[in-house]
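Engineer: Structure provided below as structure tokens; questions to follow.
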Amino acid sequence: MAVVIVGTFDTKGEEIGFARDVIEAAGVDVHVVDVGVMGDPEAEFEPDTAAAEVAQVAGTSLEHLREEADRGEAMEAMGEGAAAVADRLHEEGVLEGILGLGGSGNTSIATTAMRALPVGVPKLMVSTMASGDVEPYVGAKDVAMMYSVADVEGLNQLSREVISNAALATVGMVSSEPDVEVEERPTIGITMFGVTTPCVQTAREYLEDRGYETIVFHATGTGGRAMENLIEQGVIDGVLDVTTTEWADELVGGVLSAGPERLEAAAQAGIPQVVSTGALDMVNFGPEDSVPEEFRDRNLHVHNPQVTLMRTTPEECAELGSIVAEKLSAATGETALALPLEGVSMLSVEGEEFYDPEADAALFEALREGVDENVELLELETDVNDETFARTIAEKLDDYMHEAGLV
Numbered sequence: 001m002a003v004v005i006v007g008t009f010d011t012k013g014e015e016i017g018f019a020r021d022v023i024e025a026a027g028v029d030v031h032v033v034d035v036g037v038m039g040d041p042e043a044e045f046e047p048d049t050a051a052a053e054v055a056q057v058a059g060t061s062l063e064h065l066r067e068e069a070d071r072g073e074a075m076e077a078m079g080e081g082a083a084a085v086a087d088r089l090h091e092e093g094v095l096e097g098i099l100g101l102g103g104s105g106n107t108s109i110a111t112t113a114m115r116a117l118p119v120g121v122p123k124l125m126v127s128t129m130a131s132g133d134v135e136p137y138v139g140a141k142d143v144a145m146m147y148s149v150a151d152v153e154g155l156n157q158l159s160r161e162v163i164s165n166a167a168l169a170t171v172g173m174v175s176s177e178p179d180v181e182v183e184e185r186p187t188i189g190i191t192m193f194g195v196t197t198p199c200v201q202t203a204r205e206y207l208e209d210r211g212y213e214t215i216v217f218h219a220t221g222t223g224g225r226a227m228e229n230l231i232e233q234g235v236i237d238g239v240l241d242v243t244t245t246e247w248a249d250e251l252v253g254g255v256l257s258a259g260p261e262r263l264e265a266a267a268q269a270g271i272p273q274v275v276s277t278g279a280l281d282m283v284n285f286g287p288e289d290s291v292p293e294e295f296r297d298r299n300l301h302v303h304n305p306q307v308t309l310m311r312t313t314p315e316e317c318a319e320l321g322s323i324v325a326e327k328l329s330a331a332t333g334e335t336a337l338a339l340p341l342e343g344v345s346m347l348s349v350e351g352e353e354f355y356d357p358e359a360d361a362a363l364f365e366a367l368r369e370g371v372d373e374n375v376e377l378l379e380l381e382t383d384v385n386d387e388t389f390a391r392t393i394a395e396k397l398d399d400y401m402h403e404a405g406l407v
């Protein structure tokens with residue numbers, strides 16, 4: 001097995017060679033993937049996977065990319081090719097960890113390859129972009145970003161120190177196993193928002209007392225995508241999807257969308273799931289002055305200086321209900337839909353800012369009308385954070401897990 005280094009030989013050959021030497025000196029093999037396009041390789045050694053092969057895997061050629069001289073097209077193609085190469089090397093048992101180093105171009109390419117790998121495979125990116133917004137590079141995977149401090153351009157006392165640290169950190173991740181005994185238990189994925197926290201805490205404690213391991217995902221877009229990815233990988237055995245709020249952002253245009261595939265992974269995998277309507281009363285934006293002009297006269301709540309919430313309307317709630325119902329009706333495993341009739345978040349209970357019985361009624365009615373008979377409907381005269389509601393949905397999932405033979 002080896003650490004795979006992804007880099008552009010036409011601009012970072014010297015730095016890649018230094019990282020390779022550090023890793024090999026520590027006793028770990030290295031497989032270097034060249035993703036450079038525009039210039040001739042400057043490294044004094046040959047890559048294990050050449051740039052021409054990476055381009056070919058992406059369905060193009062190095063010659064074509066050079067002739068077009070379109071940097072955007074080249075970055076996209078080499079990212080796609082690098083992802084396919086990394087996935088193949090991992091399947092073959094060659095790739096045990098992956099390291100990238102570079103500026104914005106190779107950060108885009110290398111992290112595309114990293115995101116193609118399962119959670120748990122060590123992924124470290126030394127980047128000039130690491131001190132800014134890294135969401136486009138990290139996505140929903142466990143990509144570690146290390147700021148290069150200076151540009152990755154030549155070797156000097158600073159760059160050697162940073163690259164050495166990154167190389168040795170990767171060596172440590174691939175060559176060490178935690179000397180801690182871990183009991184294998186069925187794993188439940190749970191979604192949570194601040195306004196559904198009491199529900200999740202009660203349900204989580206109930207499930208853990210009954211022998212489950214729980215993983216709680218913050219429903220901030222990347223959280224929902226991370227859970228869906230782990231379901232697809234077979235890491236999660238059952239789902240308590242308390243907080244489906246990401247669909248409100250996807251529908252209305254908020255900043256925390258998990259994409260149109262949200263709520264599909266568990267349905268397709270056929271694993272037990274209990275789904276609720278947590279925080280479908282709100283759409284998320286950034287600071288109050290970032291709210292789009294078209295929404296400025298809506299019911300807004302400043303959650304904190306960086307987060308502004310907007311109440312969903314009856315029309316939006318009806319559409320959300322139809323979408324969620326359609327997603328759940330496609331499930332191939334045991335599925336329940338739980339409706340907290342007295343409020344879907346802390347803010348929508350009577351007396352709070354988002355209390356809107358008309359909007360809630362539109363949501364619930366669309367769900368009732370939309371779900372197929374294969375979805376068990378649970379309606380409780382409580383709000384989502386009531387202890388009775390939390391225990392009911394946890395008990396239902398526990399029943400499903402036993403029926404499925406997963407416990």
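full-length UniProt numbering puts the first residue of the sequence shown at 1, with every later residue one more than the last. Glycine is no exception: its CB is placed at the ideal position from the N, C-alpha and C atoms. The model shown is predicted, which means the values in this text are computed figures rather than measured ones.
Let me confirm a value: glutamine 273 is counted as buried when at least 16 other C-beta atoms fall within 10 Å, else exposed. Which label applies?
Structural biologist: With 16 or more other Cβ atoms within 10 Å, it is buried.
Engineer: For alanine 336, name the three-state secondary structure that DSSP assigns.
Structural biologist: If DSSP states are grouped into helix, strand and coil, alanine 336 belongs with the strands.
Engineer: Taking 8 Å as the cut-off, does the stretch 120-134 touch the stretch 144-152 (at least 3 CB pairs, one atom from each stretch)?
Structural biologist: Yes, the stretch 144-152 is in contact with the stretch 120-134.
Engineer: Pull up the CB-CB distance for alanine 58 and glycine 81, whole angstroms please, since I reckon it's below 8 Å.
Structural biologist: Rounded, the Cβ-Cβ distance is 4 Å, consistent with contact.
Engineer: Considering lysine 327, what are the terminal residues of the alpha helix (DSSP H) in which it resides?
Structural biologist: Here the alpha helix (DSSP H) through lysine 327 covers 314-329.
Engineer: Determine whether the beta carbon atoms of glycine 100 and valine 6 lie at a separation below 8 Å.
Structural biologist: The answer is yes: Cβ separation under 8 Å.
Engineer: Going straight from the alpha carbon of alanine 166 to that of glutamate 376, what length do you get?
Structural biologist: So the alpha carbons of these two residues sit roughly 50 Å apart.
Engineer: Give the list of continuous alpha helix (DSSP H) stretches no shorter than 4 residues that lie fully inside the stretch 206-292.
Structural biologist: As far as the stretch 206-292 is concerned, its whole alpha helix (DSSP H) runs of at least 4 residues are 222-232, 246-252, 265-269.
Engineer: Should residue 408 and phenylalanine 217 be called a contact, given that it needs their Cβ atoms to be closer than 8 Å?
Structural biologist: Missing from the structure shown is residue 408; the chain here goes from 1 to 407 and no further.
Engineer: Do you know offhand how far leucine 309's Cα is from arginine 296's?
Structural biologist: Answer to the nearest angstrom: the Cα atoms are 11 Å apart.
Engineer: In whole angstroms, what is the alpha-carbon distance linking glutamate 67 and glutamate 73?
Structural biologist: Computed Cα separation, rounded: 11 Å.
Engineer: Taking 8 Å as the cut-off, decide whether the C-beta atoms of threonine 312 and asparagine 374 are in contact.
Structural biologist: The answer is no: Cβ separation not under 8 Å.
Engineer: Would you please state the rounded distance, in angstroms, between the beta carbons of proline 340 and threonine 277? I believe it to be under 8 Å.
Structural biologist: Going by Cβ atoms, the distance from proline 340 to threonine 277 rounds to 7 Å, so yes, they are a contact pair.
Engineer: For proline 305, is the classification buried or exposed, using 16 other Cβ atoms within 10 angstroms of its Cβ as the cut-off for buried?
Structural biologist: With fewer than 16 Cβ atoms within 10 Å of its Cβ, proline 305 is classed as exposed.
Engineer: So which of Met282, Ala110, Ile271, Asn299 has the shortest CA-CA distance to alanine 330?
Structural biologist: The residue with the shortest Cα to Cα distance from alanine 330 is Ile271.
Engineer: I'd like to check one pair, threonine 243 with alanine 219: are the Cβ atoms closer than 8 Å?
Structural biologist: Cβ atoms of alanine 219 and threonine 243: closer than 8 Å.
Engineer: Just mark glycine 321 as buried or exposed, buried being the case when its beta carbon has 16 or more other beta carbons within 10 Å.
Structural biologist: Under this definition glycine 321 is a buried residue.
Engineer: When DSSP builds the beta bridges, which residues end up paired with lysine 123?
Structural biologist: According to DSSP, lysine 123 bridges with Ile98.
Engineer: Should lysine 327 and valine 152 be called a contact, given that it needs their Cβ atoms to be closer than 8 Å?
Structural biologist: Not a contact, by the Cβ cut-off of 8 Å.
Engineer: For methionine 1, name the three-state secondary structure that DSSP assigns.
Structural biologist: If DSSP states are grouped into helix, strand and coil, methionine 1 belongs with coil.
Engineer: Which residues bound the alpha helix (DSSP H) around aspartate 398?
Structural biologist: It spans 387-403 - the alpha helix (DSSP H) in which aspartate 398 sits, taken as one unbroken run.
Engineer: Could you spell out where the alpha helix (DSSP H) holding threonine 111 opens and where it closes?
Structural biologist: Counting along the chain, the alpha helix (DSSP H) containing threonine 111 begins and ends at 104-115.
Engineer: If distances are taken between C-alpha atoms only, which option among Leu280, His64, Val54, Leu65 comes closest to arginine 88?
Structural biologist: Cα-wise, what sits closest to arginine 88 is Val54.
Engineer: Any contact between the stretch 202-210 and the stretch 25-40? By contact I mean 3 or more CB pairs, one from each, below 8 Å.
Structural biologist: No contact exists between the stretch 202-210 and the stretch 25-40.
Engineer: If you follow the alpha helix (DSSP H) that methionine 75 is part of, which residue opens it and which one closes it?
Structural biologist: Element bounds for methionine 75: 71-91.
Engineer: Need the endpoints of the alpha helix (DSSP H) that aspartate 360 sits in, please.
Structural biologist: 357-370 is the extent of the alpha helix (DSSP H) around aspartate 360.
Engineer: CA-CA distance, residue 439 and lysine 396?
Structural biologist: Within the shown structure, residues of the chain are numbered from 1 to 407, placing residue 439 beyond reach of any answer.
Engineer: Using DSSP bridges, identify the partner residues of glycine 7.
Structural biologist: Note: glycine 7 sits in a beta bridge opposite Asp34.
Engineer: At 4 residues or longer, what runs of the alpha helix (DSSP H) sit wholly inside the stretch 116-191?
Structural biologist: Qualifying alpha helix (DSSP H) stretches, in chain order: 135-138, 157-175.
Engineer: Under 8 Å between the Cβ atoms of methionine 78 and isoleucine 98?
Structural biologist: In this structure, isoleucine 98 does not lie closer than 8 Å to methionine 78 by Cβ.
Engineer: Does the pairing of the stretch 187-201 with the stretch 232-251 give three or more beta-carbon distances under 8 Å?
Structural biologist: Touching, per the Cβ criterion.
Engineer: By DSSP's criteria, arginine 311 is part of a beta bridge. Which residues make up the other side?
Structural biologist: According to DSSP, which records beta bridges pairwise, arginine 311 is partnered with Met282.
Engineer: Under a Cβ-count criterion, where at least 16 other Cβ atoms within 10 Å of its own Cβ denotes burial, should glutamate 245 be classed as buried or exposed?
Structural biologist: According to the sequence as given, residue 245 is threonine; it is not glutamate. The residue in question, threonine 245, is buried, as its Cβ has 16 or more Cβ neighbours within 10 Å.
Engineer: At which residues does the alpha helix (DSSP H) containing leucine 65 begin and terminate?
Structural biologist: Where leucine 65 is concerned, the enclosing alpha helix (DSSP H) stretches over 62-68.
Engineer: Can you name the start and end residues of the beta strand (DSSP E) that glutamate 379 belongs to?
Structural biologist: Taken as a continuous stretch (DSSP letters only), the beta strand (DSSP E) holding glutamate 379 covers 375-380.
Engineer: By the DSSP assignment, the alpha helix (DSSP H) with valine 302 in it spans what residues?
Structural biologist: It is not in any alpha helix (DSSP H) - valine 302 instead sits in the beta strand (DSSP E) that spans 300-304.
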